[in-house]
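Please read the structure below before turning to the comments.
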DNA sequence: GTGCATAATGCGTACAGAGACATAACCCTT
DNA sequence: AAGGGTTATGTCTCTGTACGCATTATGCAC
């Protein structure tokens, strides 16, 4: 049984991934480094919002950034998020197949 | 690049795990089936709260239940949550070790 | 230095969801 | 059928946070 502190850490981490906006940013960045302007263009969010979300992801270590002159280039080099999503995706598939079979049996 | 719908599904799933109360319930249930009274005893939450959280977990397929007379026995037979937590735990360890080494170098 | 880009923060609004209390639905026993 | 124990739901409050606007901070060119 994990300690309350560890449970809190887990939940905080999962909370980062519980927001479609952040997942979207992560997915974009996993395809390669991007600057903030491109992320604004790609997602349609406001600059301030993107900056905040990137800040959260950076503090969690899921994203890093480097300066390119006046621009900031963000990159997500960690495969963890990809792995987690793959596991969840497999799960979602199983669920849908189960539901499909139940409908067929009925 | 995942579709918005898929991103939404991912985030909804991770949102389930983003609450310490639900993670706590899952951890208790992964050690074996329990009835609601025991979960109340173990967590200190109100009966209504536990019932709602179990309902969410059940709709997501992370938990199932069976009647035992008037009582409901809940069980979490899915190893997915355990796998996800293991991945995250490995990640947390790495982060701490990095921070430790940086402190040592300074 | 001044001016001009971009990124980060202060602040306000809005909404989702946690959590508890009260109530209703459910099942068992008699 | 009636009553008692267990679980689910209606409703409320409150906190957290997403999100945008305005402002500030930061770095570059001149």
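Protein chains in written order, with the numbering used here: chain A, 1195 to 1300; chain B, 1195 to 1300.
Note that beta-carbon positions come from the ideal geometry of N, C-alpha and C, so glycine has one too.
8 Å CB neighbourhood of residue i in its chain, flanking five on each side removed
i, result
"residue 1230 of chain A", "1241, 1244, 1245, 1248, 1265, 1266, 1268"
"residue 1237 of chain B", "1215, 1218, 1219, 1222, 1244"
"residue 1259 of chain A", "1248, 1252, 1266, 1267, 1268, 1269"
Cβ neighbour criterion (16 or more within 10 Å) applied to residue i
i, result
"residue 1214 of chain B", "buried"
"residue 1285 of chain A", "buried"
"residue 1262 of chain B", "exposed"
"residue 1216 of chain B", "buried"
"residue 1212 of chain B", "buried"
"residue 1218 of chain B", "buried"
"residue 1278 of chain A", "buried"
"residue 1205 of chain B", "buried"
"residue 1183 of chain B", "There is simply no residue 1183 of chain B to check, as chain B begins at 1195 and stops at 1300 in what is shown."
"residue 1201 of chain B", "buried"
Residue i and residue j closer than 8 Å at C-beta
i, j, result
"residue 1220 of chain A", "residue 1250 of chain A", "no"
"residue 1208 of chain B", "residue 1208 of chain A", "yes"
"residue 1233 of chain A", "residue 1270 of chain A", "no"
"residue 1256 of chain B", "residue 1282 of chain B", "no"
"residue 1253 of chain B", "residue 1195 of chain A", "no"
Residue range of the beta strand (DSSP E) that includes residue i
i, result
"residue 1260 of chain A", "1258-1262"
"residue 1269 of chain A", "1265-1269"
Residue range of the unbroken alpha helix (DSSP H) whose run includes residue i
i, result
"residue 1249 of chain A", "1241-1253"
"residue 1211 of chain A", "Note, residue 1211 of chain A: premise wrong, no alpha helix (DSSP H); not H, not E."
"residue 1225 of chain B", "Where residue 1225 of chain B is concerned, there is no enclosing alpha helix (DSSP H), given that its DSSP letter is neither H nor E."
"residue 1277 of chain A", "1274-1299"
"residue 1232 of chain A", "1230-1237"
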